[in-house]
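Structure, as structure tokens:
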Amino acid sequence: MGCLFRRHGYDVDIYERYHDIRNQPHAAGRSINLVLTRRGLRFAEMLGVKEQLLSYTVPVYGRTMHDLNGTTTYTPYGREGECNFSVDRSKLNEFWIDEAEKAGASIHFDRALSLEHTSLEARFHPHDRRLCFIDSAGGKHSVDLSPEYSRWSLVTSIPNHPPDTAVIGCDGAGSRLRYALSNAGVLTFTEELIGHDYKELTFPALPTSDGQWGNFVMHNESLHIWPRGDFFLMGLANLDGSFTGTIYASNGQSDENKTAEVTFPSITKDEATARAFLSKYFPDAQLGPNAAAELISNPQSRLGSVRCNTHTAVVSGVPYLLVGDAAHAIVPFFGQGCNCGFEDCVVLDEHLQDKSRPLAVAFRAYSAQRLADTNAIADMALDNFVEMMSRVADPKFLVRKAVETAIMRELPQKYRSRYTLVMYSYNPYSKCLKAGQYAACLLEDLVAHCGISSVDEVDTKLDFKFVTDLLERKFAEMLGVKEQLLSYTVPVYGRTMHDLNGTTTYTPYGREGECNFCVDRSKLNEFWNDTVEKAGASIHFDRALSLEHTNLEDRRLCFIDSAGGEHSVDLSPDTAVIGCDGAGSRLRYALSNAGAVSFTEELIGHEYKEVPFVALSTSAEHPEGSAMHNGSIHIWPRGAFFLMALANLDGSFTGTIYARNGLNDEDRAADVTFPSITKDEAAARAFLSKYFPDAQLGPNAAAELISNPQSKLGSVRCNTHTAVVSGVPYLLVGDAAHAIVPFFGQGCNCGFEDCVVLDEHLQDKSRPLAAAFRGYSAQRLADTNAIADMALDNFVEMMSRVADPKFLVRKAVETAIMRELPQKYRSRYTLVMYSYNPYSKCLKAGQYAACLLEDLVAHCGISSVDEVDTKLDFKFVTDLLERKFAEMLGVKEELLSYTVPVYGRTMHDLNGTTTYTPYGREGECNFCVDRSKLNEFWNNTVEKAGASIHFDRALSLEHTNLEDRRLCFIDSAGGEHLVDLSPDTAVIGCDGAGSRLRYALSNVGVVSFSEELIGHEYKEVPFVALSTSAKRPEGSAMHNGSIHIWPRGDFFLMALANLDGSFTGTIYARNGLSNEDRTADVTFPSITKDEAAARAFLSKYFPDAQLGPNAAAELISNPQSRLGSVRCNTHTAVVSGVPYLLVGDAAHAIVPFFGQGCNCGFEDCVVLDEHLQDKSRPLAVAFRAYSAQRLADTNAIADMALDNFVEMMSRVADPKFLVRKAVETAIMRELPQKYRSRYTLVMYSHNPLQQMPQSRTVCRRPS
């Protein structure tokens, strides 16, 4: 933690309870070896000390179980190469003490916090805020926490910043600071001790051939476990060849423990007893000769968990934070104790990035993020305790483990065990816990389904087709009832369109094997009623909520039965009410009447009626007894009305006719309305026979069309799905919150997904239900609105588009793309139906796909379905799929016409030797474009889109007043142009790195920012353009498909091609302004003092660069420009009701060494477009959500651009760097699906920038 705060520029004092262990003899008997995992090593990697840390460790690749007969069973932890690292606790402590001192922290040893003499509260005077430490001699050492004291414990201020003092408690499971905060009433916690304690034993190393000690007595790359039911022995290797053994057994203190066969009191009463115990239960454990004596004499230590209601508090103005075991001690059975603490550092580091935020605010945000995760790992560690004690000796457990290992081996992209998610990923612990609960049910189902009874049967009996099916569904699996539910369904693989001539066209829904499941509504309701009762819920039937007699303010619900009887329910504040009462939800109306929820009901002009299809007797022709293919939805589209049919289990089909209801003027003029086709049986029969001649409807179809009820269709949208009235939290789910029209088959699916999402928000048991409901509602609103929009769009599609030849062509094209490029493209329909992508993302993907398909059909000249296979150009498809913003606007091809493709970089050394490195995979490239051409292109595009551009208008900071809602612009003649703003206006600042709008927002105190200039600047120099010839047809002096770099250590020349065959060259060198710069050999002042100096510089350092004849003169005369980064604490603010947003360089200017300046700005547009989809959301809200999403990404690319600056200056001339690049290129060529470099991830993917690797890492197994 000291290293972390020093990294952020804080002064740090560390008060350590113990003496400096580096100067103390190792105290044996108190230490369980610690395990480092990928999660915990991330912090060391951030600090650049991972390799040094790993040199103290032994890799551990799996666990070996030893039974009483000495038989061993080895199980690898994860995928091949994945491992943990065993480390001696004292070595780890010494390492981090060294690192903290190197980082500049002051460490005060032999200082134990005294609860008696510490006072956190300033009751009478600021100096009453005092920490008091006691040394081993009894001396007191006070630390004053009053504001005027700027240096104390643990973290103080950043130099030149206002004092910002904080206390961080890293003082372990028995944290005295935690007790002090509890005594001050600002924090509560629980300590849950388990009935088992532990003692340490030694496995000595074997002698080597030269008589030294250092050979391992067992396989050193495995955790060894001797499980014996209620107790066990565990061994982990040390670097010196020994193993640290630990015995876990009952402590004999509780009544239950006293009756256990093995307790520490019973096995340590004398040495003979201890020896008999060890030889009886661990006969093959090669313990030392003094093991029995050690078992008696070594200290016995307690085990337990600590959970806090918060990890932070502010007392008398001082912010406190608890981290590591002080905040969340856990039992050591998942090897995550220290890893969780190191991850605290990583998460806290993210919250410390914004230097404008007070530490108290950063600590609160950190605590809110970590609580659920630290509680989750505490639960998992306790569960692993049970596993290590007894389950690892259970044959059924070993079978499940063997099945899980096989699944991870065969389906590595689809499945990870809970253990590997915790150990080898950065997934939050809370998500790992949830995944583990799901996996446990899944493995149980698999073993039962496949009839696997022993480990030997796994390879022969495990059904991977069934495994894949299990992994690709969700809610019913969580409850373990999926197979039972599917037994009521009929699978549906595609849709069949019937035209008036009886011709049918079948289109599959998705990839091979993907299908939906048709189920009778009444069967589904019966199934869930049964399941709910089995789960233990009480169902009160025949109870309708009475709006007249319900009073939410008085906390009373009133239900009416069918006989008119009233049934009142009085609510208490610890009760929650969930409304699942459908589209006409009375609870929704009650919440609306109380002013807590507002909603809209949007009815469409169509309604529906059911009509029956016949069921045939089974035969060879129709073995399933269905009148039509039952694996398809059947649609008879007839423009403004249509018939749809879905199969039932008995071979019949349920048909539904959708037609206008004839209520409005437009409907009455329609040829077909329900009033017109149901006026009598003759009219109904004529209608059915005319429009659906091939539909095998039942003999009473006309009569049923008249008599069956006619039902309305529409959408319900709420402003929120939750509210609190008189202390009682209410939640609306399913159709009660978001009814949709039934044209995407997502009505019930959306409701079931509500359960899945809500389940995630209910994981944190410490969070009040009201808070969980608010988190759920915030997450679901955009998605439920999105599926409502898509369902309405599908309604139009099913009514009329499915009969449109152009639509059928686009569908055929889409099907072909999914078949040929399954990893690159999914239709909107398949994303909704066969993925867990949020509906809002599916909507956005569908909008993009519609434009893409339109472009494809036009580009390839496809006019009929028959032409798809011959005319579809998959090379063009791939190109389209791998770019983004210009496609959204349909101007990509026009934009690319101004560019030159660049496929790699060519390095030129002083001897003129060149080394070419491709950027990415074959065909991947960047595009070089002239800045002025790019600006002209976008000006034209903006005007075509209908925007008004006012040129020659510079924002005047002097005359602009944001509080008065007035902007003032000055033209080049000095004229003023005022713009008065209204609250429904928004202002977007795209005015570059020197943004005046950013300064204006900063002046009114709503945005803070930093401008970090580097010591290098740049000047342009021209290259020659050759006449075209057969040798150089494009007229370029060099290969124009490459960026050219002349790296010269502290300065360099870079060149990019133009369309006319010339190159634009740019020299980057020190500006000579700082003391360090003035002593540099090459600075702009030294190379531009006269033309002779400029010419000598160019010829000396860039002899092979084909610069223009006036290069020296231009080097002197061309403007010299600064380079730097801009970082804001937010990209948006509201002033006097007007929302402002900064984008592009105005919000996040970066140095130009990753080629991402304009790309990052264009990506701003893409991300902002997503946040503008919900038209009901005020712009200020959309801007805030956009800013929250973009801040981390824009800071990340700023960091990477600075790192690339160092690379382009010096690393590209380093032979070791070139070797690593060659290795990376080879890996990408041979393993393209497994590895991408940071550069290619940034350039050729849409991954968020914050997820990119932030520094070079070298992974090797320690020897």
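For the sequence shown, counting from 1, position 306 maps to 306 in full-length UniProt numbering; every step adds exactly one. No residue lacks a Cβ here, since even glycine has one placed at the ideal position from N, Cα and C.
- Through-space distance from E760 to R129, alpha-carbon basis: If you draw a straight line from the Cα of R129 to the Cα of E760, it comes to about 41 Å.
- Own chain residues within Cβ distance below 7 Å of E1114, not counting five before or after: Closer than 7 Å at the Cβ level, and outside the excluded window around E1114, lie V1021 and P1022.
- G605 to S715, Cα distance in whole Å? If you take the alpha carbons of G605 and S715, they lie about 12 Å apart.
- Message: Under 8 Å: do the stretch 575-583 and the stretch 690-698 share three or more Cβ pairs, one atom per stretch?
- Response: Taking one beta carbon from each stretch, the stretch 575-583 and the stretch 690-698 have fewer than 3 pairs nearer than 8 Å; the two do not touch.
- Message: Tell me the rounded alpha-carbon separation between M234 and L201.
- Response: Taking the straight line joining both Cα atoms gives about 10 Å.
- Item | C-beta atoms of F203 and V186 nearer than 8 Å | Not a contact, by the Cβ cut-off of 8 Å.
- beta strand (DSSP E) containing C718: first to last residue? C718 -> beta strand (DSSP E) spans S711 to C718.
- Message: Contact between the stretch 1158-1170 and the stretch 1183-1192 is defined here as three or more beta-carbon pairs at a separation below 8 Å; is this criterion met?
- Response: Here the stretch 1158-1170 lies against the stretch 1183-1192, with 3 or more beta-carbon pairs under 8 Å apart.
- Query: At what residues does the beta strand (DSSP E) containing C968 begin and finish?
  - Reply: Element bounds for C968: R966 to I970.
- Given a threshold of 16 other Cβ atoms within 10 Å of its Cβ, counted over all protein chains shown, does V1223 qualify as buried or as exposed? Result: exposed.
- Query: What's the gap between the Cα of F541 and the Cα of D561?
  - Reply: Their Cα atoms are separated by approximately 8 Å.
- Message: So, under 8 Å CB-CB, S676 and T722 are touching, yes? Tell me the CB distance rounded to an integer number of Å.
- Response: Between S676 and T722 the beta-carbon gap is near 44 Å, outside 8 Å, which marks them as no contact.
- Task: Tell me L303's beta-bridge partners as DSSP assigns them.
- Result: In the DSSP output, where bridge partners are listed per residue, L303 has none listed.
- Only counting runs of 4 or more residues, tell me where the alpha helix (DSSP H) segments fall wholly within the stretch 303-365, in order along the chain. Listed in chain order, the complete alpha helix (DSSP H) runs (minimum 4 residues) inside the stretch 303-365 are 325-328 and 337-351.
- Provide the residue span of the alpha helix (DSSP H) that contains V458, from first to last. Under the DSSP assignment, V458 falls in the alpha helix (DSSP H) whose first and last residues are V458 to K461.
- Over what stretch of residues does the beta strand (DSSP E) that includes F1097 continue unbroken? Where F1097 is concerned, there is no enclosing beta strand (DSSP E), although the alpha helix (DSSP H) it sits in stretches over E1091 to Y1101.
- Query: Does the separation of the CB atoms of L646 and C518 fall below 8 Å?
  - Reply: Cβ atoms of L646 and C518: closer than 8 Å.
- Query: Taking C-beta to C-beta, are S726 and E514 nearer than 8 Å?
  - Reply: No, the pair does not count as a contact, with Cβ atoms beyond the cut-off.
- So who's on the other strand from residue 1267, going by DSSP bridges? This structure cannot settle anything about residue 1267, because the visible part of the chain is limited to 1 through 1263.
- Query: Between I134 and L34, what straight-line distance do the alpha-carbon atoms span, to the nearest angstrom?
  - Reply: A straight-line Cα-Cα distance of about 29 Å links I134 and L34.
- Query: Just how far apart, CA to CA, sit H498 and C860?
  - Reply: Rounded to the nearest whole angstrom, the CA to CA distance from H498 to C860 is 28 Å.
- Query: When DSSP labels each residue in this structure, what does P1085 get in the three-state scheme?
  - Reply: Residue state, collapsed to three classes: helix.
- Query: What residues in its chain sit with their C-beta under 6 Å from that of V891, if we drop five residues either side in the sequence?
  - Reply: Excluding positions up to five away in sequence, the list reads T941.
- Query: In angstroms, rounded to a whole number, what distance separates the CA positions of C718 and E601?
  - Reply: Roughly 9 Å between the two C-alpha positions.
- Of the listed residues V262, V1206, S1117 and T244, nearest to G252 (C-alpha basis): Checked all of V262, V1206, S1117 and T244; the closest Cα to G252 is V262.
- Task: Look up C928 in the DSSP assignment and say whether it is helix, strand or coil.
- Result: It is a strand residue.
- Query: In whole angstroms, what separates the C-alpha of E343 from that of V422?
  - Reply: A direct Cα-to-Cα measurement between E343 and V422 gives close to 12 Å.
- Three or more C-beta pairs closer than 8 Å, one from the stretch 756-773 and one from the stretch 806-821: is that the case here? The stretch 756-773 is not in contact with the stretch 806-821.
- Query: Under the DSSP definition of a beta bridge, which residues are partnered with I225?
  - Reply: Per DSSP, M65 and M234.
- Query: By Cβ distance below 7 Å, which residues in the same chain neighbour F642 in space, the five residues on each side in sequence not counted?
  - Reply: Once the five neighbours on either side are set aside, the close Cβ partners of F642 are I635, W636, Y658, M798 and M799.
- Message: Can you tell me whether P25 is buried or exposed? The criterion is at least 16 other CB atoms within 10 Å of its CB, across all chains shown.
- Response: It counts as exposed.
- Message: Please identify the residue among F937, R111, L1218 and Q300 whose C-alpha is closest to the C-alpha of T914.
- Response: For the options F937, R111, L1218 and Q300, the alpha carbon positioned closest to that of T914 is the one of L1218.
- Proximity of E607 and F674 at Cβ, strictly below 8 Å: Between E607 and F674, the gap from beta carbon to beta carbon is short of 8 Å.
- Task: Check whether the Cβ atoms of residue 1292 and L663 lie closer than 8 Å to each other.
- Result: Only positions 1 to 1263 of the chain appear in this structure, which leaves residue 1292 out of reach.
- When S522, Y77 and S835 are compared against M408, the one with the closest alpha-carbon: If we check each option's Cα against that of M408, Y77 comes out closest.
- Item | Nearest-angstrom Cβ-Cβ length linking residue 1277 and N1195, presumed shorter than 8 Å | Residue 1277 is absent from the model: the chain starts at 1 and stops at 1263.
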